[in-house]
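Under full-length UniProt numbering, the sequence shown has 6 at position 6, and the numbering climbs by one with no breaks.
We put the beta carbon where it would ideally sit given N, CA and C, even for glycine.
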Amino acid sequence: MQEKLSYVKLLNTKPGSHHWHMSTISIDDDISLSLSRKQTHSQYPTIKFLTFNTWGLKFVSKHRKERLKAIADKLAGIRTGVPLPNLESLRDSPDLNTEDTYDVVVLQEIWCKDDWDYLVYRCKDVFPFYRIFYSGIISGPGLAILSKIPIDSTFLHKFPINGVPSAITRGDWFVGKSISVTILKALTEDTAPLAILNSHMHAPYALTGENAYYCHRSCQAWHFSKIANLYKKAGYAVVIVGDLNSRPGSLPHTFLTLETGLIDSWEQLNGKQDQGEISKMNPSDQLIFGCTTCDSTLNTWRSKKRPDEACRLDYALVDPAKLQTIEAGLRFTERIPNVGSFSDHFAYSCSLRFLPQDIGLNPVLRNKIYSNSDLNLTRDQLLEKFSTYEELKLTIASYTKVAKRRKLIRGAYFWIAIYLLITSITVTSFTSQRAGWSSVFWVIFAIIVSVFGTINGLISFLFGRSELRALMEIEHEVTDAERNLQSVLDMKRTSFILPQN
Numbered sequence: 001m002q003e004k005l006s007y008v009k010l011l012n013t014k015p016g017s018h019h020w021h022m023s024t025i026s027i028d029d030d031i032s033l034s035l036s037r038k039q040t041h042s043q044y045p046t047i048k049f050l051t052f053n054t055w056g057l058k059f060v061s062k063h064r065k066e067r068l069k070a071i072a073d074k075l076a077g078i079r080t081g082v083p084l085p086n087l088e089s090l091r092d093s094p095d096l097n098t099e100d101t102y103d104v105v106v107l108q109e110i111w112c113k114d115d116w117d118y119l120v121y122r123c124k125d126v127f128p129f130y131r132i133f134y135s136g137i138i139s140g141p142g143l144a145i146l147s148k149i150p151i152d153s154t155f156l157h158k159f160p161i162n163g164v165p166s167a168i169t170r171g172d173w174f175v176g177k178s179i180s181v182t183i184l185k186a187l188t189e190d191t192a193p194l195a196i197l198n199s200h201m202h203a204p205y206a207l208t209g210e211n212a213y214y215c216h217r218s219c220q221a222w223h224f225s226k227i228a229n230l231y232k233k234a235g236y237a238v239v240i241v242g243d244l245n246s247r248p249g250s251l252p253h254t255f256l257t258l259e260t261g262l263i264d265s266w267e268q269l270n271g272k273q274d275q276g277e278i279s280k281m282n283p284s285d286q287l288i289f290g291c292t293t294c295d296s297t298l299n300t301w302r303s304k305k306r307p308d309e310a311c312r313l314d315y316a317l318v319d320p321a322k323l324q325t326i327e328a329g330l331r332f333t334e335r336i337p338n339v340g341s342f343s344d345h346f347a348y349s350c351s352l353r354f355l356p357q358d359i360g361l362n363p364v365l366r367n368k369i370y371s372n373s374d375l376n377l378t379r380d381q382l383l384e385k386f387s388t389y390e391e392l393k394l395t396i397a398s399y400t401k402v403a404k405r406r407k408l409i410r411g412a413y414f415w416i417a418i419y420l421l422i423t424s425i426t427v428t429s430f431t432s433q434r435a436g437w438s439s440v441f442w443v444i445f446a447i448i449v450s451v452f453g454t455i456n457g458l459i460s461f462l463f464g465r466s467e468l469r470a471l472m473e474i475e476h477e478v479t480d481a482e483r484n485l486q487s488v489l490d491m492k493r494t495s496f497i498l499p500q501n
């Protein structure tokens, strides 16, 4: 018995529509199955998410304790902020000023135990299920979740490529940037259990150059997409949330959507947007129509930014086969009296409706329909994926040169330190006989040189090698994916598989 699967296409009637259907799937042996979903889905459960970068850096973030307490109070239902002044359109926007209750709250930059303890204390009656994740050398990745839905299991994946230890003031390497995976109990028997993948990807410290860390985020997005696909293929309703530090349309954002088949919840509701047009809007319209979570001049901690620098960095990417966005917008735009904005980011919230699952459908066939298999993609989509693979390989090749140069320089510092240490020991034996006090100087000098040499040696011989091997591994993974993609393109060219455009 042979099954033949025709191309399956998701049809949205228009941005914001809650009705969609899939084309009929024909199977040999006179089996015909229609997956029509034109009927209303109001009987299916909805879930409301909030993702928020809380800016919880100890000693660095301004008014951290006051802000985190205000965030906890508001999540617990206690109103503490006041609406943005002199902005009537913003104040009247239902997307921005509705007093919300959330089912799941995912947080980033929770780096102080006192802040987390207060969040749990204040919110435990509203969110009885909670978890903070641990990793890294200092404080952890800062990822946490509060939920009204019971947690089934959790898992943490640490990014293998994540900054450099020499960037002490930036801290990305030390906190161990990661992906936290939280599996929630299924709400009903005919809805898929949720797999929530929360992350705070490496920050950009410049728009271009080494300090942009573009390669790091691109590689992190590659790993992210692999994990998301594993849970998606296992049948979970996957939601990627967090501060991804990547603008819409960037290579990391493209990997997290094109490679996984997930869709940006904001774009699912509003369609793809011209970021150039959003940059020309006034700040209040940017919040309402562009969902600019970061660098808005209306945020008191970013008031010195230019209006065109406002951007969207916080997301909820959802599986369109299992979840439909019915509402989305910014939250926590108010200001705390005598303090300022709740964080240097605004929060992002979206309401998702579960879509009915085809319980009676053959599991193998269901996997073919809902998987992000390359066989189900059109030629244009395959070529787009191929171009992203090529771009990632070029990005890796460019950064590999930087990593090799950095490793070489650190190694040179190590050998210079060895030379200076030997020299100082030799010189001490001569000078101590003429001036005893000089021995103290040379001992201090030797200690400083030893520390300097040891640190640079470790960075060069341990971290440097590890980073280069991790880059090499991803490059090989991308090459394997390209090879598979090429074989699919060859098959389509010979008309074995003919998807509809």
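**Report entry** LEU262, buried or exposed, once every other Cβ within 10 Å from all chains shown has been counted against 16
**Finding:** Here residue 262 refers to the residue found at position 262 of the sequence shown. By the neighbour-count rule (16 or more Cβ atoms within 10 Å), LEU262 is buried.
Report task. Taking only the alpha-carbon atoms, compute the straight-line gap between ILE78 and ALA72 and give it to the nearest angstrom. Result -> Translated into the one-based positions of the sequence shown, residue 78 becomes position 78. Translated into the one-based positions of the sequence shown, residue 72 becomes position 72. Straight-line Cα distance between these residues: approximately 9 angstroms.
Query raised in the report: Can you tell me where the beta strand (DSSP E) with GLY242 in it begins and where it stops?
Result: Start at 1 with the first residue of the sequence shown, and residue 242 comes out as number 242. Run containing GLY242: 237–243, per the beta strand (DSSP E) assignment.
Query - Identity of the residue in VAL241, GLY171, HIS345, ARG67 nearest GLY136 by Cα - result: Within the sequence shown, numbered from 1, the residue matching residue 136 stands at position 136. Ranking VAL241, GLY171, HIS345, ARG67 by Cα distance to GLY136 puts GLY171 first.
Query raised in the report: On the three-state DSSP scale, how would you describe TYR348?
Result: Locating residue 348 in the sequence shown gives position 348, counting from the first residue. Strand.
**Report entry** Option in PRO45, THR46, LYS69 with minimal Cα separation from THR54
**Finding:** For the purposes of this step, residue 54 is identified with residue 54 of the sequence shown, where counting begins at 1. It is LYS69 whose Cα lies nearest to the Cα of THR54.
Report task. Identify which residue in VAL478, CYS311, SER460 has its Cα closest to the Cα of ALA403. Result -> By one-based count along the sequence shown, residue 403 stands at place 403. Answer by Cα proximity: SER460.
Report task. Say whether chain D places a C-beta atom closer than 7 angstroms to the C-beta of GLU267. Result -> Note that chain D does not occur in the displayed structure, where there is just one protein chain.
Requested in this report: For TYR134, count neighbouring Cβ atoms within 10 angstroms of its own Cβ and tell me buried if that reaches 16, exposed if not.
Outcome: One-based indexing of the sequence shown puts residue 134 at position 134. Label assigned to TYR134: exposed.
Query raised in the report: Whose C-beta lies closer than 6 angstroms to the C-beta of GLU109 among residues of the same chain, with five residues either side of it excluded?
Result: On the sequence shown, residue 109 is found 109 positions in, with the first residue counted as 1. ASN53, THR54, TRP55, GLY56, GLY142.
Query raised in the report: Is it right to say MET201 is buried, meaning 16 or more other beta carbons lie within 10 angstroms of its own, or is it exposed?
Result: As a working note, residue 201 is residue 201 in the sequence shown. So MET201 counts as buried.
Requested in this report: Specify whether the segment 290–302 and the segment 345–353 touch according to this definition: at least 3 beta carbon pairs, one from each stretch, less than 8 angstroms apart.
Outcome: yes
Query - Contacting residues, own chain, Cβ-Cβ under 6 angstroms from GLN220 (five flanking each side not counted) - result: Here residue 220 refers to the residue found at position 220 of the sequence shown. So the list reads PHE159, MET201, once near-sequence residues are dropped.
Query raised in the report: What do you reckon, are the CB atoms on PRO193 and TYR231 nearer than 7 angstroms?
Result: Numbered from its first residue, the sequence shown carries residue 193 at position 193. Numbered from its first residue, the sequence shown carries residue 231 at position 231. Inclusion of PRO193 and TYR231 in the CB contact set at 7 angstroms is not warranted, their separation being larger than that value.
Requested in this report: Would you check if the segment 113–127 and the segment 152–167 touch, i.e. whether three or more CB-CB distances between them fall below 8 angstroms?
Outcome: no
Query raised in the report: In the DSSP assignment, what are the bridge partners of VAL104?
Result: Position 104 of the sequence shown, counted from the first residue, corresponds to residue 104. Partner(s): PHE49, SER147.
Query raised in the report: Could you give the C-beta distance for PHE49 and LEU352, rounded to a whole number, given that I count them as a contact under 8 angstroms?
Result: Indexing the sequence shown from 1 puts residue 49 at position 49. Indexing the sequence shown from 1 puts residue 352 at position 352. The pair is a contact, with the Cβ atoms about 7 angstroms apart (cut-off 8 angstroms).
Query raised in the report: Closest by CA to ARG306, which one among ILE326, LYS280, VAL120, VAL175?
Result: If you number the sequence shown from 1, residue 306 lands on position 306. Checked all of ILE326, LYS280, VAL120, VAL175; the closest Cα to ARG306 is LYS280.
Query raised in the report: Does the segment 243–259 come close enough to the segment 197–212 to have 3 or more Cβ pairs within less than 8 angstroms?
Result: With the cut-off at 8 angstroms, the segment 243–259 and the segment 197–212 touch.
**Report entry** ILE27 (DSSP reduced to helix, strand or coil)
**Finding:** Translated into positions along the sequence shown, residue 27 becomes position 27. For ILE27, the pLDDT reaches just 32, beneath the cut-off of 50, and the residue's location in the model is therefore unreliable, although a value from the coordinates is still provided. Strand.
Query raised in the report: How about LEU421 and VAL449: are their beta carbons less than 7 angstroms apart?
Result: On the sequence shown, residue 421 is found 421 positions in, with the first residue counted as 1. On the sequence shown, residue 449 is found 449 positions in, with the first residue counted as 1. Taking 7 angstroms as the cut-off, the beta carbon of LEU421 is found closer than this to the beta carbon of VAL449.
Requested in this report: Note down, in chain order, each residue of its chain lying with its Cβ closer than 6 angstroms to the Cβ of GLU259, except the 5 sequence neighbours on either side.
Outcome: Numbered from 1 along the sequence shown, position 259 holds the residue referred to as residue 259. Once the five neighbours on either side are set aside, the close Cβ partners of GLU259 are SER225.
Requested in this report: Excluding the 5 residues preceding and the 5 following SER218 in the sequence, name in chain order all residues of the same chain whose CB lies nearer than 6 angstroms to its CB.
Outcome: As a first step, residue 218 must be located in the sequence shown, where it is residue number 218. Closer than 6 angstroms at Cβ, skipping near neighbours: LEU251, PRO252, LEU392, THR395.
Query raised in the report: Is it a yes or a no for the segment 477–486 touching the segment 435–445, going by three-plus beta-carbon pairs under 8 angstroms?
Result: Judged by Cβ distances under 8 angstroms, the segment 477–486 makes no contact with the segment 435–445, as fewer than three pairs qualify.
Report task. Please work out which residues of its chain come closer than 7 angstroms, Cβ to Cβ, to SER341, disregarding the five sequence neighbours upstream and downstream, and give them in chain order. Result -> As a working note, residue 341 is residue 341 in the sequence shown. Excluding sequence neighbours, SER341 sits near ASN299, THR300, TRP301, ARG335.
Report task. Look at the alpha carbon of GLN275 and the alpha carbon of LEU468, and state the distance between them as a whole number of angstroms. Result -> By 1-based counting over the sequence shown, the position of residue 275 is 275. By 1-based counting over the sequence shown, the position of residue 468 is 468. Each residue's alpha carbon lies about 34 angstroms from the other.
Query raised in the report: How many Å lie between PRO83 and PRO283 at the Cα?
Result: In the sequence shown, the residue the question calls residue 83 occupies position 83. In the sequence shown, the residue the question calls residue 283 occupies position 283. Roughly 15 angstroms between the two C-alpha positions.
Query - Cβ-Cβ distance between HIS157 and SER139 below 7 angstroms - result: As a working mapping, residue 157 is identified with position 157 in the sequence shown. As a working mapping, residue 139 is identified with position 139 in the sequence shown. Cβ distance not < 7 angstroms, so HIS157 and SER139 don't count as in contact.
Query raised in the report: Can ALA195 and SER265 be called in contact, C-beta distance under 7 angstroms?
Result: Working through the sequence shown from its first residue, we reach residue 195 at position 195. Working through the sequence shown from its first residue, we reach residue 265 at position 265. At a Cβ-Cβ threshold of 7 angstroms, ALA195 and SER265 do not count as neighbours.
Report task. Take SER424 and list the residues in its own chain whose beta-carbon comes closer than 6 angstroms to its own, dropping the five residues that flank it on each side. Result -> On the sequence shown, position 424 is the one that residue 424 refers to. Same-chain partners within the cutoff: TRP442, PHE445, ALA446.
Report task. Would you grab the beta carbon distance between VAL106 and THR191 for me? Rounded to a whole angstrom, and I think it's under 8 angstroms. Result -> In the sequence shown, counting from the first residue as 1, residue 106 sits at position 106. In the sequence shown, counting from the first residue as 1, residue 191 sits at position 191. The Cβ separation is near 20 angstroms, so there is no contact.
Report task. Just the C-alpha distance for PHE430 and PHE414, rounded to the nearest angstrom, thanks. Result -> As a position in the sequence shown, residue 430 is number 430, starting the count at 1. As a position in the sequence shown, residue 414 is number 414, starting the count at 1. Cα to Cα, the separation comes out at about 25 angstroms.
Query raised in the report: Thinking C-beta only, is VAL104 closer than 7 angstroms to SER153?
Result: For the purposes of this step, residue 153 is identified with residue 153 of the sequence shown, where counting begins at 1. For the purposes of this step, residue 104 is identified with residue 104 of the sequence shown, where counting begins at 1. If you check the CB distance, SER153 and VAL104 do not come in under 7 angstroms.
Query raised in the report: Just to confirm, are PHE255 and TRP222 a CB contact at a threshold of 7 angstroms?
Result: As a first step, residue 255 must be located in the sequence shown, where it is residue number 255. As a first step, residue 222 must be located in the sequence shown, where it is residue number 222. Yes; because the gap between Cβ atoms is below 7 angstroms, this pair is in contact.
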